[in-house]
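Enquirer:
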Amino acid sequence: MSRLNLTLCTKTALLPQTNKTIAAAAAATSTSASTGGKWNTELRELSKQGQYSQALFFYRQMLRSGATPNAFTFPFILKSSAALSLPLPAFQLHCHVIKSGCHSEPFVQTALISMYFKFCLLGNAYKVFDGSPDSRKLTVCYNALISGYVQKARFLNGLLLFREMMVQGVPFNAITILGLVPGCTIPGHLDLGRSLFCLVLKSGLKSDLAVANCFLSMYLRCGSVDMARRLFDELPEKGLIAWNAMISGYSQNGLAKEVLDLYHDMQLSGLCPDEVTFVGVLSSCANLGAQRIGLEIEEKLERRGFGCNPFLKNALISMYARCGNLVKARATFDAMMHKNLVSWTAIIGGYGMHGHGEVSVELFDQMIQGGIKPDKVIFVSVLTACSHAGLTQKGLDYFDSMEKKYNLKPSSEHYSCVVDLLGRAGRLVEARKLIESMPMEPDGPVWGALLGACKIHKDVDLAELAFDKVVELEPRNIGYYVLLSNIYSDADNEEGVLRVRVMMRERGLKKDPGYSYVEYKGRTHLFMAGDRSHPQTKEIYAELKKLEALKIKYGEQENDELKRDQAIVNTAALHSERLAIAFALLHANTETDILVIKNLRICGDCHLFVKAVSKFVNYQFVVRDATRFHHFKGGTCSCNDYW
DNA sequence: ATAGGGTTAG
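For the first sequence, this note's numbering begins at 694 and goes up steadily by one.
Okay, here's the thing in structure tokens:
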């Protein structure tokens, strides 16, 4: 009889229909009511598969059948209750634990502790730990407590407990470190992270892959990219997670080129990228305006069956939006079944940065109508959209609604948006008043927004005030010096221009050396003026010569406008751009090619240069600078301003 | 058999 039961159980456990599983298992076990064993096996399966509500249901059946839960039952049940965010059963379950006399079992205790942490009931969690003298000898209990405190932003409590462990002589293990280290990412604790790292090196845990990955992501989250890279390079074996951590860490720190290089290296190493990898890579494509790589990745995603991953969908929306392909961004967005706040933020921000503020506002209202609650991040997108589209009143209304309607405290980032909003509209006095009314200390971007507005509306006096403030806060941000210098220059104030220049020299600030880069086959190629470091330098310079030759061919034509362009090809753009374009021409050889070039100085002469070159070729150029997308085709250019 | 953990979008 009992053998028959066993087969029944295992068979049904494999069925996807859980209700059947429960019924069958319940029927099967009802004959041997007092032994918890088969119940526990079933509970483990349900909990493993994430079917938590079924697990709880099953537990109730178990009690009804008269079986007694034991120390092997509760960990599953407590975990299920925590996963379902049902605090009421949590207390009931705690009572059950006590009733069945399992409360001093270490595994049950740990499960109780972590359950209480999931419900943010830190006091209750600590009481479980404190209430039993044995728990102070157990690594597992400390582990649960430490990781709980760290996850609930109580790093200090976690640290104190870790110290207590050391003092008491309780051994720590890899899990202890994994729980504690993420807390070192809060500002000012990196040194602590480093000491922990030393400790781990001595303890022999360094060979634990998870521990190494944990430190890796700690460094990356703290912005210590170089340190992270060193650690990464030293890893004896790099798993997928290490690559992913490094790639998304670069991506979050704005090192988009490094992301693409690393993605390339990863493929060379024979590892297969997964969803997490692609999220990081796509977000870097967005930053570089590298739509073509983005498109390739989208194809790959479809092939790999990652088409439905919401993280990836959102990354795609953002990538297309930031590359200026609003049509595709919108199509991706519209096709998404379950749009979340991030999806909305991406599309709203996309329209905003390309000057379609009205669409952004419309979408935002639509989102609110749909019952999605906005957060601080989306307000930044909406406010920026309003200011770039000149929707001043609308923006002010939204800003007002943040606190009143949605109980969101504006951060200084929101203030800088509104200063920008007012400033662009020429309401400089109000902008300044807003800054003075801020509940927190205004930061660089806030004063910078005012300075930018002064440039538009030619207010030299206010500009000087804003500059004094912003330079105090960000003395090494060269952009502000350039801005003020331009303001003086617009006002024909030669003395002012000179003063700024002297100031820059005294502080040792130099304009960044000009560089340009082109993306090609998943890699980004960087060129500086006079650069000969590229492996294809020879060919590139040859191509450049051919470009010069074009001018001769061109000069034969009798057309004034063309002659002017020819002169520009000849004399204008800086060397780094020429190299980048020569490289691009060298490699592009299909008619549908779109060359995406990110260029920091696609202004004036360089703009005309690319325009002239595009007359000679069948390719399209998309050049992205700090403020616009420039789309060159057949000698014409259309610009999509962000602003 | 059972807890605790490393990588993901705006």
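Don't be surprised by glycine CBs; every beta carbon is placed ideally from N, CA and C. Everything numeric in this text was worked out from a predicted model, so none of it was measured.
Distance, Cα to Cα, MET1012 vs LYS1308?
Expert: Counted from its first residue, the first sequence places residue 1012 at position 319. Counted from its first residue, the first sequence places residue 1308 at position 615. The alpha-carbon atoms of MET1012 and LYS1308 are separated by roughly 28 Å.
Enquirer: For a test of the three-state rule: what should DSSP assign to LEU873, helix, strand or coil?
Expert: The residue given as residue 873 occupies position 180 in the first sequence. DSSP places LEU873 in the helix class (H, G or I) of the three-state scheme.
Enquirer: Could you tell me whether the Cβ atoms of LEU815 and PHE769 are closer together than 9 Å?
Expert: Locating residue 815 in the first sequence gives position 122, where the first residue counts as 1. Locating residue 769 in the first sequence gives position 76, where the first residue counts as 1. Cβ distance not < 9 Å, so LEU815 and PHE769 don't count as in contact.
Enquirer: Can you list the alpha helix (DSSP H) stretches of 4 or more residues lying completely in the stretch 1122-1194, in chain order?
Expert: 1137-1150, 1153-1166 and 1171-1183
Enquirer: So what's PHE1314 in DSSP terms, helix, strand or just coil?
Expert: In the first sequence, the residue the question calls residue 1314 occupies position 621. Reduced to three states, the DSSP call for PHE1314 is strand.
Enquirer: Among the candidates ALA1142, PHE1325 and MET959, whose CA atom is the shortest distance from the CA of ARG1120?
Expert: Translated into the one-based positions of the first sequence, residue 1120 becomes position 427. Selected option, being the one with the closest Cα: ALA1142.
Enquirer: By the 10 Å Cβ neighbour count, where 16 or more other Cβ atoms means buried, how is MET911 classified, buried or exposed?
Expert: Looking up residue 911 in the first sequence gives position 218. MET911 should be labelled buried.
Enquirer: Can you tell me whether DSSP reads PHE855 as helix, strand or coil?
Expert: Here residue 855 corresponds to residue number 162 of the first sequence, with the count starting at 1. In this structure, PHE855 counts as helix in the three-state DSSP scheme.
Enquirer: Tell me which residues share the same chain as ASN850 and place their Cβ nearer than 7 Å to its Cβ, disregarding the 5 neighbours each side in the sequence.
Expert: For this step, residue 850 is matched to residue 157 along the first sequence. Here the set comprises TYR842.
Enquirer: For MET858, which residues in the same chain have their Cβ closer than 7 Å to its Cβ, ignoring the five residues on either side in sequence?
Expert: Here the question's residue 858 lines up with position 165 in the first sequence. TYR835 and PHE865.
Enquirer: Go through its chain and collect everything with a Cβ distance to PHE765's Cβ below 6 Å, but skip five positions before and after it.
Expert: Along the first sequence, one-based indexing puts residue 765 at 72. Here the set comprises ASN733.
Enquirer: Just reading off the alpha helix (DSSP H) that ASN1007 is part of, what are its end residues?
Expert: Within the first sequence, residue 1007 is the residue found at index 314, counting from 1. Its alpha helix (DSSP H) spans residues 1003-1015.
Enquirer: Check whether the Cβ atoms of CYS1016 and ALA1039 lie closer than 9 Å to each other.
Expert: Translated into the one-based positions of the first sequence, residue 1016 becomes position 323. Translated into the one-based positions of the first sequence, residue 1039 becomes position 346. Not closer than 9 Å, so no.
Enquirer: Would you mind stating whether VAL1190 and TYR1181 have Cβ atoms separated by less than 9 Å?
Expert: The residue given as residue 1190 occupies position 497 in the first sequence. The residue given as residue 1181 occupies position 488 in the first sequence. Against a cut-off of 9 Å, the Cβ pair of TYR1181 and VAL1190 comes out as a contact.
Enquirer: Could you check which residue in VAL1075, VAL952 and LEU948 has the C-alpha nearest to that of TRP936?
Expert: Taking the first residue of the first sequence as position 1, residue 936 is located at position 243. Among VAL1075, VAL952 and LEU948, the Cα nearest to that of TRP936 belongs to VAL952.
Enquirer: What does DSSP give as the partner residue(s) for LYS1203 in the beta ladder?
Expert: Indexing the first sequence from 1 puts residue 1203 at position 510. Bridge partners of LYS1203: none, in fact.
Enquirer: Count the CB pairs spanning the stretch 998-1008 and the stretch 953-971 that are closer than 8 Å, and state whether there are at least three.
Expert: Taking 8 Å as the limit for Cβ pairs, the verdict is that the stretch 953-971 does touch the stretch 998-1008.
Enquirer: Output the distance between the C-alpha atoms of HIS1324 and CYS891, rounded to the nearest integer angstrom.
Expert: The residue labelled residue 1324 in the question sits at position 631 within the first sequence. The residue labelled residue 891 in the question sits at position 198 within the first sequence. When rounded, the distance between both Cα atoms is 52 Å.
Enquirer: Comparing alpha-carbon positions, which option in TYR943, VAL1075 and LYS1066 lies nearest HIS1047?
Expert: Within the first sequence, residue 1047 is the residue found at index 354, counting from 1. Checking every option, the nearest Cα to that of HIS1047 belongs to VAL1075.
Enquirer: For the stretch 947-975, list the beta strand (DSSP E) runs that are entirely contained and at least 3 residues long, ordered along the chain.
Expert: none
Enquirer: Which word fits ALA846, buried or exposed, when buried means at least 16 other C-beta atoms lie within 10 angstroms of its C-beta?
Expert: Here residue 846 is taken as the residue at index 153 of the first sequence, counted from 1. So ALA846 counts as exposed.
Enquirer: For the alpha helix (DSSP H) that SER793 lies in, which residues bound it at each end?
Expert: Within the first sequence, numbered from 1, the residue matching residue 793 stands at position 100. If you look at SER793, you'll find it isn't in any alpha helix (DSSP H); DSSP assigns it neither H nor E.
Enquirer: Where does the unbroken alpha helix (DSSP H) through HIS1107 begin, and where does it stop?
Expert: For the purposes of this step, residue 1107 is identified with residue 414 of the first sequence, where counting begins at 1. Judged by DSSP secondary structure, HIS1107 falls within the alpha helix (DSSP H) whose first and last residues are 1105-1117.
Enquirer: For a quick check, are the C-beta atoms of THR1085 and LEU1114 less than 9 Å apart?
Expert: The residue labelled residue 1085 in the question sits at position 392 within the first sequence. The residue labelled residue 1114 in the question sits at position 421 within the first sequence. Yes, the Cβ-Cβ distance between THR1085 and LEU1114 is below 9 Å.
Enquirer: DSSP on LYS772, reduced to helix/strand/coil?
Expert: Here the question's residue 772 lines up with position 79 in the first sequence. DSSP places LYS772 in helix when its eight states are reduced to three.
Enquirer: Going by C-alpha distance, which of VAL874, VAL1315 and ALA921 is nearest LEU981?
Expert: Locating residue 981 in the first sequence gives position 288, where the first residue counts as 1. Here the closest residue by C-alpha is VAL1315.
Enquirer: Where does PHE765 sit, in a helix, a strand or coil, going by DSSP?
Expert: As a first step, residue 765 is located in the first sequence; it is residue number 72 there, counting from the start. In the structure shown, PHE765 sits in coil (DSSP, three-state: anything other than H, G, I, E or B).
Enquirer: Would you decide whether LYS1238 is buried or exposed? Buried here means 16 or more other CB atoms lie within 10 Å of its CB.
Expert: As a first step, residue 1238 must be located in the first sequence, where it is residue number 545. Answer is exposed; the Cβ neighbour count stays below 16.
Enquirer: Look up HIS882 in the DSSP assignment and say whether it is helix, strand or coil.
Expert: Within the first sequence, numbered from 1, the residue matching residue 882 stands at position 189. Three-state DSSP puts HIS882 in coil, outside helix and strand.
Enquirer: I'd like to confirm the pairing. Which residues does DSSP put opposite SER1331 in its beta bridges?
Expert: Along the first sequence, one-based indexing puts residue 1331 at 638. SER1331 is bridged by DSSP to HIS1324.
Enquirer: Kindly list the residues whose CB is nearer than 7 Å to the CB of LEU948, restricted to its own chain and excluding five residues on each side of it in sequence; keep chain order.
Expert: Translated into the one-based positions of the first sequence, residue 948 becomes position 255. The answer, listed in chain order, is VAL918.
Enquirer: Is DSSP giving HIS1218 helix, strand or coil here?
Expert: The residue given as residue 1218 occupies position 525 in the first sequence. HIS1218: strand per DSSP, three-state reduction.
Enquirer: Does LEU928 come out as helix, strand or coil in the three-state DSSP assignment?
Expert: Position 235 of the first sequence holds residue 928. Of the three classes helix, strand and coil, the one that applies to LEU928 here is coil, per DSSP.
Enquirer: Tell me, to the nearest whole angstrom, how far the beta carbon of ALA783 is from that of MET755; I am working on the premise that it is less than 8 Å.
Expert: By one-based count along the first sequence, residue 783 stands at place 90. By one-based count along the first sequence, residue 755 stands at place 62. At roughly 18 Å, the Cβ-Cβ gap does not stay under 8 Å, so ALA783 and MET755 are not in contact.
Enquirer: Can you tell me the Cα-Cα spacing of PRO773 and GLY794, whole angstroms?
Expert: In the first sequence, counting from the first residue as 1, residue 773 sits at position 80. In the first sequence, counting from the first residue as 1, residue 794 sits at position 101. Per the sequence presented here, residue 773 reads as Ser, with Pro not at that position. Rounded to whole angstroms, SER773 to GLY794 spans 20 Å at the Cα level.
Enquirer: Please identify the residue among PHE767, GLU995 and CYS1147 whose C-alpha is closest to the C-alpha of ALA748.
Expert: Here residue 748 refers to the residue found at position 55 of the first sequence. The option with the nearest alpha carbon to ALA748 is PHE767.
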